[in-house]
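Written as structure tokens, this is what we have:
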């Protein structure tokens, strides 16, 4: 039952944030500072997500989280190289996925 309470509370919080967002004055939303901050926050959150999903793994023997370098790391490196070469996004995603899959299959 406690998980349902958490789900309902989280849903109410998200709904209230979305509803209150409509009450923010347009002048505040159009400020250059807020737009720049929103851009930086997006980049920081995405970088944090990529870092955690790439480097944090769980040791099956001890069930502790630790930093790992596996196929995901190689796929990330390939994705960064292709991004630097300005490859199309779908090519980057497919190449990184194929690289991770082949490395997991090989090792």
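Residue numbers (my numbering): 468 to 574. Ideal Cβ positions, reconstructed from N, Cα and C, are used throughout, including at glycine. As the structure is a computational prediction, the values presented were derived from the model and not from experiment.
Nearest-angstrom Cα separation, counted from residue j out to residue i
{"i": "residue 479", "j": "residue 491", "result": "19 Å"}
{"i": "residue 473", "j": "residue 573", "result": "42 Å"}
{"i": "residue 627", "j": "residue 556", "result": "Residue 627 is absent from the structure shown; the chain starts at 468 and stops at 574."}
{"i": "residue 502", "j": "residue 496", "result": "7 Å"}
{"i": "residue 550", "j": "residue 559", "result": "7 Å"}
{"i": "residue 532", "j": "residue 482", "result": "33 Å"}
{"i": "residue 548", "j": "residue 568", "result": "18 Å"}
{"i": "residue 534", "j": "residue 527", "result": "13 Å"}
{"i": "residue 488", "j": "residue 529", "result": "44 Å"}
{"i": "residue 552", "j": "residue 521", "result": "22 Å"}
{"i": "residue 486", "j": "residue 500", "result": "23 Å"}
Bridge-paired residues (DSSP) for residue i
{"i": "residue 532", "result": "525"}
Identity of the residue in the options nearest residue i by Cα
{"i": "residue 518", "options": "572, 537, 495", "result": "537"}
{"i": "residue 524", "options": "560, 540, 505", "result": "540"}
{"i": "residue 570", "options": "551, 471, 545, 549", "result": "545"}
For residue i, three-class secondary structure by DSSP
{"i": "residue 490", "result": "coil"}
{"i": "residue 498", "result": "coil"}
{"i": "residue 480", "result": "helix"}
{"i": "residue 553", "result": "coil"}
{"i": "residue 507", "result": "helix"}
Same chain, Cβ closer than 8 Å to residue i, neighbours up to 5 away in sequence not counted
{"i": "residue 564", "result": "542"}
Beta-carbon proximity list for residue i, same chain, < 7 Å, skipping 5 on both sides
{"i": "residue 510", "result": "none"}
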